[in-house]
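Undergrad:
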Amino acid sequence: MSSALVLGAAGGVGRACVARLAADGLDVVAVDRNASVHQLPGCVAAFDGDATDAALLARAFDACPEPPSVLVHALLGEARAPLAELTAAQWHTVLDTSLVSAWQASAELVRRLPPGQPASLVLIGSVHAHGAAPGMAPYAVAKAGLAALARAAAVEWGPLGVRTNVVEPGFVAVDRNAHRWQDPDDRDRILSAYPLGRLCRPEEIAEAVAFLASPASSYVNGVCLPVDGGALAVLPEVNSQPRNGT
């Protein structure tokens with residue numbers, strides 16, 4: 244049986260990925276700052292702590308029954324402030340959490356991978372990689388960096404049989420942002436940006452992750468897959484027009 248390591252496993256998307264990969268028969272090891280990671284069903288081991296810490300990361304890898312053939316990086320870092328008011332410390336925190344740790348964990352997997360064993364690295368990006376929202380610059384830069392990391396990894400690690408791809412969600416209805424999608428006015432504003440006219444469920448992101456983690460995507464490498472209900476397809480001026488179903 245293959246092993247999978249999920250970082251950021253207690254978040255809405257991470258939790259759905261753990262459940263989906265476990266359902267596919269993988270031995271899942273979960274890591275998250277939140278101690279609720281220990282209550283996740285389907286895990287063979289769980290660790291609460293900072294996944295950017297090399298020692299904790301090594302313990303998580305060691306807990307995998309087999310050298311993991313799947314890595315899901317779903318760590319989230321934010322520093323919300325106007326661009327001119329951000330501090331260097333805020334930038335470093337977000338980039339270390341969301342981008343540098345993705346490289347760190349991916350490189351550790353490659354170093355531990357037995358020769359000839361294929362592997363899939365799936366990084367959770369965002370549609371923010373393609374646009375900007377006021378006050379969220381570090382987040383957008385980190386998510387755009389994941390796309391560049393995936394391309395670099397695809398080129399360098401592809402010959403080893405390691406595939407690296409990014410899933411880019413739009414707005415996903417999870418507990419962390421429930422204050423937004425449970426507010427009727429804010430929910431309507433969100434829905435107006437998405438042609439499908441409904442909120443995305445974390446399980447829908449997990450389905451895309453499971454596809455990229457599986458042999459079904461065996462020739463997919465170095466790509467970014469938006470799972471955004473068509474939001475990136477909309478011309479800016481269309482957002483001001485009423486749509487059917489919204």
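My numbering puts the first residue of the sequence shown at 244, with every later residue one more than the last.
Quick reminder that beta carbons are idealized off the backbone N, C-alpha and C, glycines included.
All values derive from a computational prediction rather than experimental measurement.
1. Looking only at its chain, what residues have a beta carbon closer than 6 Å to the beta carbon of Gly401, apart from the 5 residues adjacent to it on each side?
2. So, under 8 Å CB-CB, Arg263 and Val452 are touching, yes? Tell me the CB distance rounded to an integer number of Å.
3. Within the same chain, show all residues whose beta-carbon is closer than 6 Å to that of Val280, passing over the 5 residues directly before and after it, in chain order.
4. In terms of alpha-carbon separation, which member of Leu299, Thr336, Ala265, Arg276 lies closest to Pro284?
5. Kindly provide the ranges of any beta strand (DSSP E) runs that are 3 or more residues long and lie completely inside the segment 458-483, ordered along the chain.
6. Taking its Cβ as the centre, do 16 or more other Cβ atoms sit within 10 Å of Thr340, making it buried, or is it exposed?
7. I'd like to know whether the C-beta atoms of Gly392 and Trp346 end up nearer to each other than 8 Å.
8. Give a yes or no on whether the C-beta atoms belonging to Phe414 and Ile433 are separated by under 8 Å.
9. Under three-state DSSP, which class holds Asp426?
10. On the DSSP bridge assignment, give the partners of His316 in chain order.
11. Please classify Asp296: does DSSP put it in a helix, a strand, or coil?
12. Ends of the alpha helix (DSSP H) at Cys260?
13. With Glu446 as the anchor, note down where its alpha helix (DSSP H) starts and where it stops.
14. So for Val398, helix, strand or coil by DSSP?
15. To the nearest whole angstrom, what separates the beta carbons of Ala456 and Ala247, a pair I think is in contact under 8 Å?
16. Measuring only the C-alpha atoms, how far is Val398 from Leu352?
17. With a threshold of 7 Å on Cβ separation, who are the neighbours of Ala390 within its own chain once the five nearest residues in sequence on each side are excluded?
18. So does the segment 331-338 actually touch the segment 354-368, counting three or more Cβ pairs closer than 8 Å?
19. Let me know if Pro358 comes out buried or exposed under the rule of 16 or more other beta-carbons within 10 Å of its beta-carbon.
20. Tell me whether Pro377 sits in a helix, a strand or coil according to DSSP, three-state version.
21. Closest Cβ-Cβ distance between Asp270 and chain D: below 8 Å?
22. So, at 8 Å on beta carbons, what are the nonlocal neighbours of Gly473 in its own chain, with the 5 sequence-adjacent residues on each side left out?
23. With distances taken Cα to Cα, identify the nearest neighbour of Arg394 among Val384, Arg406, Ala375.
24. DSSP on Glu351, reduced to helix/strand/coil?
25. Look up Asp275 in the DSSP assignment and give the residues it is bridged to.
TA: From the atom records:
1. For the purposes of this step, residue 401 is identified with residue 158 of the sequence shown, where counting begins at 1. Around Gly401: Asn464.
2. By one-based count along the sequence shown, residue 263 stands at place 20. By one-based count along the sequence shown, residue 452 stands at place 209. With a Cβ gap of about 7 Å, Arg263 and Val452 count as contacting.
3. For the purposes of this step, residue 280 is identified with residue 37 of the sequence shown, where counting begins at 1. Within the same chain, Cβ atoms closer than 6 Å to the Cβ of Val280 are found at Ala252, Ala253, Ala273, Ala289, Asp291, the five residues on either side in sequence being excluded.
4. Counted from its first residue, the sequence shown places residue 284 at position 41. Of Leu299, Thr336, Ala265, Arg276, the residue nearest in Cα terms is Ala265.
5. The qualifying runs are 467-470.
6. The residue labelled residue 340 in the question sits at position 97 within the sequence shown. So Thr340 counts as buried.
7. As a first step, residue 392 must be located in the sequence shown, where it is residue number 149. As a first step, residue 346 must be located in the sequence shown, where it is residue number 103. According to the sequence as given, residue 392 is Leu; it is not Gly. Less than 8 Å separates the beta-carbon of Leu392 from that of Trp346.
8. In the sequence shown, the residue the question calls residue 414 occupies position 171. In the sequence shown, the residue the question calls residue 433 occupies position 190. Annotated as proximal: Phe414 and Ile433, with beta-carbon spacing under 8 Å.
9. Position 183 of the sequence shown, counted from the start, is the residue given in the question as residue 426. Asp426 sits in coil when the DSSP states are folded into three classes, being neither helix nor strand.
10. Along the sequence shown, one-based indexing puts residue 316 at 73. The partner list for His316 (beta bridge, DSSP) reads Leu250, Leu366.
11. The residue you call residue 296 lines up with position 53 of the sequence shown. In the structure shown, Asp296 sits in coil (DSSP, three-state: anything other than H, G, I, E or B).
12. Working through the sequence shown from its first residue, we reach residue 260 at position 17. Taken as a continuous stretch (DSSP letters only), the alpha helix (DSSP H) holding Cys260 covers 255-266.
13. Position 203 of the sequence shown, counted from the start, is the residue given in the question as residue 446. It spans 445-456 - the alpha helix (DSSP H) in which Glu446 sits, taken as one unbroken run.
14. The count along the sequence shown starts at 1 and reaches residue 398 at position 155. Secondary structure of Val398 (DSSP, three-state): helix.
15. Here the question's residue 456 lines up with position 213 in the sequence shown. Here the question's residue 247 lines up with position 4 in the sequence shown. Indeed, because the Cβ distance is near 7 Å, the residues count as touching under 8 Å.
16. In the sequence shown, counting from the first residue as 1, residue 398 sits at position 155. In the sequence shown, counting from the first residue as 1, residue 352 sits at position 109. Taking the straight line from one Cα to the other gives about 16 Å.
17. On the sequence shown, position 147 is the one that residue 390 refers to. Taken in chain order, the residues that qualify are Gly368, Ala372, Val409, Cys467.
18. The segment 331-338, when compared against the segment 354-368, does not touch it at the 8 Å Cβ threshold.
19. Here residue 358 is taken as the residue at index 115 of the sequence shown, counted from 1. So Pro358 ends up on the exposed side.
20. Stepping through the sequence shown from its first residue, residue 377 is reached at position 134. Looking at Pro377 - three-state DSSP - the assignment turns out to be coil, as it is neither helix nor strand.
21. No chain D appears in the structure shown, which is made up of a single protein chain.
22. By 1-based counting over the sequence shown, the position of residue 473 is 230. Tyr437, Pro438, Leu439.
23. Taking the sequence shown and counting its residues from 1, the one referred to as residue 394 is at position 151. Of the listed residues, the one whose Cα sits closest to Arg394 is Arg406.
24. For the purposes of this step, residue 351 is identified with residue 108 of the sequence shown, where counting begins at 1. If DSSP states are grouped into helix, strand and coil, Glu351 belongs with the helices.
25. Taking the sequence shown and counting its residues from 1, the one referred to as residue 275 is at position 32. Note: Asp275 sits in a beta bridge opposite Asp291.
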